[in-house]
Amino acid sequence: MKEMICICCPMGCRLTVDDSDPGNIKVSGNTCPRGAKYGKDEMICPKRMVTSVVRVEGGDAAMLSVKTSDSIEKARIFDALALLKGVTVKAPVKIGDVVVADVLGTGVDFIATKDVAARAK
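Numbering-wise, my numbering puts 86 at position 81 of the sequence shown, and it's gapless, one number per residue.
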């Protein structure tokens with residue numbers, strides 16, 4: 006038995022996860038189906054959304070915030086962040102633009118989380 010707090014929404018449900026039978030993980034304490042999925046996923050393969058920044062060339066801002074389009078395995082977060090080290094995007098950039106596609110072969114992209122206009126000349 007493990008206890009955890011669900012991070013899927015602001016409710017923060019206190020979950021109890023029974024993993025004594027790995028083939029039949031039971032979750033209680035959740036108020037929605039997302040909590041049950043979160044509890045099971047945390048026991049099998051924990052995942053998280055990843056946020057960071059990249060440089061912008063020719064924009065009215067020097068940096069662009071980015072995030073993964075879906076969660077990735079916690080064990081791969083630092084490898085995913087390493088992909089962003091040398092990345093520079095050219096302005097203009099729109100929210101949702103793909104900055105790095107298919108991060109580590111996961112099918113998940115790093116996407117822009119804000120608009121950056123091109124700098125006026």
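We put the CB at the ideal spot given by N, CA and C, even for glycine.
The model shown is predicted, which means the values in this text are computed figures rather than measured ones.
query                                                                                                                                                               : result
Contact check, residue 121 vs residue 97 under 8 Å by CB: the rounded distance?                                                                                     : 6 Å
State the DSSP-derived secondary structure class of residue 77, mapped to helix, strand or coil.                                                                    : strand
Could you have a look at residue 45 and say whether DSSP puts it in helix, strand or coil?                                                                          : helix
Between residue 118 and residue 67, what straight-line distance do the alpha-carbon atoms span, to the nearest angstrom?                                            : 14 Å
Please identify the residue among 37, 16 and 46 whose C-alpha is closest to the C-alpha of residue 7.                                                               : 46
Applying the criterion that 16 or more other CB atoms from any shown protein chain within 10 Å of the CB defines a buried residue, is residue 25 buried or exposed? : exposed
Would you mind listing the alpha helix (DSSP H) stretches within the stretch 52 to 124 that are 4+ residues and don't spill past its ends, in chain order?          : 82 to 87
Just the C-alpha distance for residue 89 and residue 73, rounded to the nearest angstrom, thanks.                                                                   : 12 Å
Determine which residues share a DSSP beta bridge with residue 9 and list them.                                                                                     : 20
Do you know offhand how far residue 18's Cα is from residue 82's?                                                                                                   : 25 Å
Mind checking which residues open and close the beta strand (DSSP E) that includes residue 33?                                                                      : 31 to 33
Would you kindly work out how many angstroms separate the C-alpha atoms of residue 125 and residue 63, rounded to a whole number?                                   : 9 Å
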